[in-house]
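Accompanying notes for the structure given below.
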Amino acid sequence: MPEDKIFESDISETNFVSTNRIKLLIAGLALLGALCYFAFMAFQGATVYYYTVGEAKDINQSDSDQMLRVSGKLVPTSFSRNDGSTESHFELTDGVYTMDAIHDGILPDL
168 MPEDKIFESD ISETNFVSTN RIKLLIAGLA LLGALCYFAF MAFQGATVYY YTVGEAKDIN
228 QSDSDQMLRV SGKLVPTSFS RNDGSTESHF ELTDGVYTMD AIHDGILPDL
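Mapped onto this note's numbering, the consecutive letters of the sequence shown carry residue numbers 168 to 277.
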């Protein structure tokens with residue numbers, strides 16, 4: 168009889184250890200999933216989308232004051248700015264399409 172009790176206690180200790188390992192594994196997977204989710208959301212919010220000149224021309228033109236971020240090359244000799252003003256007028260091109268653009272503020276370094 169005493170041998171049976173020893174065997175039962177070994178089984179219960181083994182079950183206890185494996186139960187703790189399963190709980191630890193589940194907690195670790197949940198933590199890893201949460202970290203992956205937060206990393207994905209952080210990178211998703213940090214991306215900035217620039218329209219091409221062709222895409223910007225396809226957008227509804229009825230709202231001419233609509234602000235867009237547009238990626239394109241500056242058309243040579245198209246840039247103009249009045250002295251003492253922060254408003255710049257210029258043309259952008261993507262090689263196929265050309266559009267007029269206005270930027271009010273300090274020009275970014277590119």
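All residues carry an ideal CB built from backbone N, CA and C; glycine is no exception.
Nearest neighbour of residue i, chosen from the options [CA to CA]
i, options, result
"Ser247", "Ala201, Ala209 and His270", "His270"
"Leu259", "Ala223, Gly200 and Arg188", "Ala223"
"Val263", "Ala206, Pro275, Asp250 and Leu241", "Leu241"
"Thr244", "Gln233, Thr253 and Phe257", "Phe257"
Distance between residue j and residue i (C-alpha atoms, nearest Å)
i, j, result
"Ile273", "Leu196", "47 angstroms"
"Leu198", "Thr186", "18 angstroms"
"Cys203", "Ile193", "15 angstroms"
"Phe210", "Leu191", "29 angstroms"
"Ser252", "Thr265", "24 angstroms"
"Asn249", "Asp276", "19 angstroms"
"Gln233", "Glu254", "16 angstroms"
"Ile189", "Phe207", "27 angstroms"
"Ala201", "Asp261", "41 angstroms"
Buried versus exposed, by CB contacts within 10 Å (16 or more), residue i
i, result
"Ala268", "buried"
DSSP bridge partner residues for residue i (one or two, in chain order)
i, result
"Phe257", "Ala268"
"Val237", "Tyr218"
"Arg248", "Ser255"
Below-8 angstroms beta-carbon distance, residue i vs any chain B residue
i, result
"Asp267", "Chain labels in this structure do not include chain B; a single protein chain is all it has."
**OP:** Examine the Cβ distances between the segment 214-223 and the segment 231-245 and report whether three or more of them are shorter than 8 angstroms.
**Re:** yes
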